[in-house]
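Everything below concerns the one structure shown next.
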Ligand code: HEM
């Protein structure tokens, strides 16, 4: 058995720091505020999401693809911006292994959400890809 990548507390710290930054962001803040009424509930869900990814706890039971597909006006720049804030937040976390793994997974999931978004909304156009790093 190898040691766990991180603790639940470290995940919670990452998620809370990231969404605090998102809420203060001039571009992303208003999008989230328009769709999220209960931030406490949303943060619990997002900690479950990252716990499922980083520790394979299987706690997350949401449906990110249709939730994002329902958001109007998402584009490549917004996804890059989201990833930039995520990387900045991850870089501040003391657990470097967790930060690296979280960024790698965030990039893959962002790519897949953005691809799904375009296929759903614009099936006749060749989808754009995100650039990494
Ligand atoms: C431009 C980029 C993004 C924007 C503007 C955005 C915005 C949002 C908003 C407004 C919600 C709430 C939707 C609702 O409850 O109706 C949401 C939910 C969520 N987002 Fe994002 N998001 C973005 C990218 C991402 C990425 C890259 C990830 C993962 C790495 C992610 C993970 C999630 C998850 C797990 C949920 C909860 C889904 C559920 O309730 O089933 N988001 N997002």
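In the working numbering, the protein residues as written are 1101 to 1233.
Using N, Cα and C, we set each Cβ at its ideal position, and we do this for glycine too.
Treat the numbers as computed from the prediction; the structure is a model and nothing was measured.
Taking all protein chains shown into account, residue 1151 has 16 or more neighbouring C-beta atoms within 10 Å of its C-beta and is therefore buried.
Taking the Cα positions, residue 1104 is about 19 Å away from residue 1146.
Residue 1232 sits in coil when the DSSP states are folded into three classes, being neither helix nor strand. Of all alpha-carbon atoms in 1205, 1198, 1169, 1232, the one lying nearest the alpha-carbon of residue 1215 is that of 1169. Excluding residues up to 5 positions away in sequence, 1168, 1214, 1217 lie with their Cβ nearer than 8 Å to the Cβ of residue 1174 in the same chain. Residue 1143 and residue 1116 do touch by the CB rule: their CB atoms are close to 6 Å apart, below 8 Å. In this structure, residue 1163 has its beta carbon less than 8 Å from a heavy atom of ligand 1.
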